[in-house]
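Take a look at the structure set out below.
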DNA sequence: ATCCTGAATATTCAAGATAATATTCAGGAT
DNA sequence: ATCCTGAATATTATCTTGAATATTCAGGAT
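Chains as they are written, first to last, in this note's numbering: chain A, 3 to 208; chain B, 3 to 208.
Shown next, in the form of structure tokens:
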């Protein structure tokens, strides 16, 4: 992490640079030592400023954390979006990949960056609206995917919103970091395959 | 297990009576005041004996808890069994009812007997094998149900065990007390209906 | 011998004291 | 005027220690 703002072309107001620098420093600390164990003073020192000055750019520590958590969730959302919007591929394939992608991401974060998860959790139960917003965005992406699948004649769905909720519910196990300790990634992947299979084709004889 | 295992009919051996009496007293206390807040001395007094004497029948407090937790889980299992084994009904209906039954039970326990859940949790993460055993029994009941459904020509299933695991995974949201705070029972029931629908018929056009 | 207890010991819990840390603010530098 | 800081205050975490509780055990009652 650079201690000083790069002096070159800044597309935005200098204030934004400072905000970005603070977020970068905080993010670095949070992911290395955890949210609770990094102090405002440390973040400030990394940015060559006083702790008090941080409060000119963020309401408080939780606000810094929230911004980082949002970025984290957005990144996750982007991963999903990248799959769902590959319009040339069959919707079934994309649904499959979305589920596996979610699992891979959940597992990776759990295994490789536990401190970030700690932070996201801390933030999420202090700021319900953040997770709500994220869930809504995710919901919409899946709705889009299902609608696309229906239009192409791949899917037969009575109520797209209900079905999206059902799918989201059915893949809970793959979305919650807490569960990741239950199995190896490999086991989870096989399980996810089975669930996708189940979702796509159901049990009834045809 | 017990230091002296009765080789014959359980109810007749005095040791079993004592064990049962202890479990009853402990169960009463645990569900009323919680596992952590009831003392061995209190349980003992309820049984008109010394605390030390409890250790002749159970290894320790956790062992008492484990026995009660087992009974709790067995009761849950029995509920499921009662549904799955109604051979005269279609397997699809039974599968539906099992899921709703599980949800109802999870929710009820969470809402009306939080202390029991606290105990079961405490015990389960100290005694993994208990929950493993329970999961296995549950798995077997669902396997039976699916096999029955296949035989009747209701279901078309490639691998019954994999599918059972998939179903179990897909209803995670309804099995874990932790999630119960997310929605009302009513909302959960509708969601469960959708998930069952999804499991039974799948998404693909037929 | 078998069953049980009171007292001894080990472990866990919780209230209060202490130290860190978050947050605010009056005022100084540019 | 705007930006920033050091010091003051409020909040939160950590540590300490006495008390509560779990567990053990030597020995008494039946």
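We put the beta carbon where it would ideally sit given N, CA and C, even for glycine.
Range covered by the alpha helix (DSSP H) that runs through residue i
{"i": "residue 44 of chain B", "result": "42–48"}
{"i": "residue 109 of chain A", "result": "93–114"}
{"i": "residue 184 of chain A", "result": "Where residue 184 of chain A is concerned, there is no enclosing alpha helix (DSSP H), given that its DSSP letter is neither H nor E."}
{"i": "residue 83 of chain B", "result": "63–86"}
{"i": "residue 139 of chain B", "result": "130–153"}
{"i": "residue 177 of chain B", "result": "174–177"}
{"i": "residue 56 of chain A", "result": "53–56"}
Cutoff 8 Å: residue i Cβ touching any chain B Cβ
{"i": "residue 35 of chain A", "result": "no"}
{"i": "residue 183 of chain A", "result": "no"}
{"i": "residue 106 of chain A", "result": "no"}
{"i": "residue 168 of chain A", "result": "yes"}
{"i": "residue 193 of chain A", "result": "yes"}
{"i": "residue 26 of chain A", "result": "no"}
{"i": "residue 209 of chain A", "result": "The structure shown does not extend to residue 209 of chain A, since chain A spans only 3 to 208, so no value can be given for it."}
{"i": "residue 66 of chain A", "result": "no"}
{"i": "residue 205 of chain A", "result": "yes"}
Cβ neighbours of residue i in the same chain (closer than 8 Å, five flanking residues each side left out)
{"i": "residue 182 of chain B", "result": "108, 109, 112, 113, 190"}
{"i": "residue 99 of chain B", "result": "85"}
{"i": "residue 32 of chain A", "result": "40, 67, 70, 117, 118, 121"}
Of the listed residues the options, nearest to residue i (C-alpha basis)
{"i": "residue 46 of chain B", "options": "B:69, B:20, B:70", "result": "B:20"}
{"i": "residue 188 of chain B", "options": "B:102, B:134, B:148", "result": "B:102"}
{"i": "residue 81 of chain A", "options": "A:30, A:153, A:143, A:33", "result": "A:143"}
{"i": "residue 197 of chain B", "options": "A:180, A:167, A:18", "result": "A:167"}
{"i": "residue 83 of chain B", "options": "B:173, B:139, B:73", "result": "B:139"}
{"i": "residue 212 of chain A", "options": "B:173, B:153, B:171", "result": "Residue 212 of chain A lies beyond the stretch modelled for chain A, which goes from 3 to 208, so this question has no answer here."}
{"i": "residue 38 of chain B", "options": "B:119, B:49, B:145", "result": "B:119"}
{"i": "residue 66 of chain B", "options": "B:96, B:126, B:204", "result": "B:126"}
{"i": "residue 179 of chain A", "options": "A:104, A:155, A:202", "result": "A:104"}
{"i": "residue 159 of chain B", "options": "B:201, B:130, B:172", "result": "B:201"}
{"i": "residue 56 of chain A", "options": "A:36, A:23, A:78, A:77", "result": "A:23"}
{"i": "residue 204 of chain B", "options": "B:155, B:177, B:35, B:169", "result": "B:169"}
{"i": "residue 106 of chain A", "options": "A:199, A:30, A:176, A:193", "result": "A:176"}
{"i": "residue 184 of chain B", "options": "A:137, A:145, A:36, A:147", "result": "A:137"}
{"i": "residue 36 of chain A", "options": "A:124, A:147, A:155", "result": "A:124"}
{"i": "residue 91 of chain B", "options": "B:18, B:76, B:115, B:147", "result": "B:147"}
{"i": "residue 76 of chain A", "options": "A:64, A:63, A:135, A:186", "result": "A:135"}
{"i": "residue 128 of chain B", "options": "B:174, B:173, B:63, B:145", "result": "B:63"}
Residues near residue i by beta carbon distance below 7 Å, same chain, minus five either side
{"i": "residue 53 of chain A", "result": "42, 43, 46"}
{"i": "residue 27 of chain A", "result": "3, 45, 48, 49"}
{"i": "residue 122 of chain A", "result": "71, 74"}
{"i": "residue 149 of chain B", "result": "162"}
{"i": "residue 88 of chain A", "result": "96"}
{"i": "residue 210 of chain A", "result": "Nothing about residue 210 of chain A can be read from this structure; chain A reaches only from 3 to 208."}
{"i": "residue 14 of chain B", "result": "With a pLDDT of 42 at residue 14 of chain B, under the threshold of 50, the modelled position of that residue is not reliable, and no figure is offered here."}
Minimum Cβ-Cβ distance from residue i to chain A less than 8 Å
{"i": "residue 70 of chain B", "result": "no"}
{"i": "residue 201 of chain B", "result": "yes"}
{"i": "residue 164 of chain B", "result": "yes"}
{"i": "residue 120 of chain B", "result": "no"}
{"i": "residue 101 of chain B", "result": "no"}
{"i": "residue 9 of chain B", "result": "Bear in mind that a pLDDT of 31 at residue 9 of chain B, under 50, signals an unreliable position, so the model cannot answer this."}
{"i": "residue 125 of chain B", "result": "no"}
{"i": "residue 196 of chain B", "result": "yes"}
{"i": "residue 156 of chain B", "result": "yes"}
{"i": "residue 40 of chain B", "result": "no"}
{"i": "residue 175 of chain B", "result": "yes"}
{"i": "residue 2 of chain B", "result": "Outside the shown range of chain B (3 to 208) lies residue 2 of chain B, about which nothing can therefore be said."}
Cβ neighbours of residue i in the same chain (closer than 6 Å, five flanking residues each side left out)
{"i": "residue 164 of chain B", "result": "none"}
{"i": "residue 151 of chain B", "result": "93, 157"}
{"i": "residue 133 of chain B", "result": "126"}
{"i": "residue 79 of chain A", "result": "139"}
{"i": "residue 60 of chain B", "result": "66"}
{"i": "residue 141 of chain B", "result": "166"}
Original post:
What are the residues of the region 45–61 of chain A that lie near chain B, defined by any Cβ-Cβ distance shorter than 7 Å?
Top reply: none
Subject >> Contact set between the region 129–146 of chain A and chain B, restricted to residues whose Cβ is under 9 Å from the partner >> reply: none
Subject >> Near-chain A residues of the region 81–95 of chain B (beta-carbon distance less than 8 Å), N- to C-terminal order >> reply: 94
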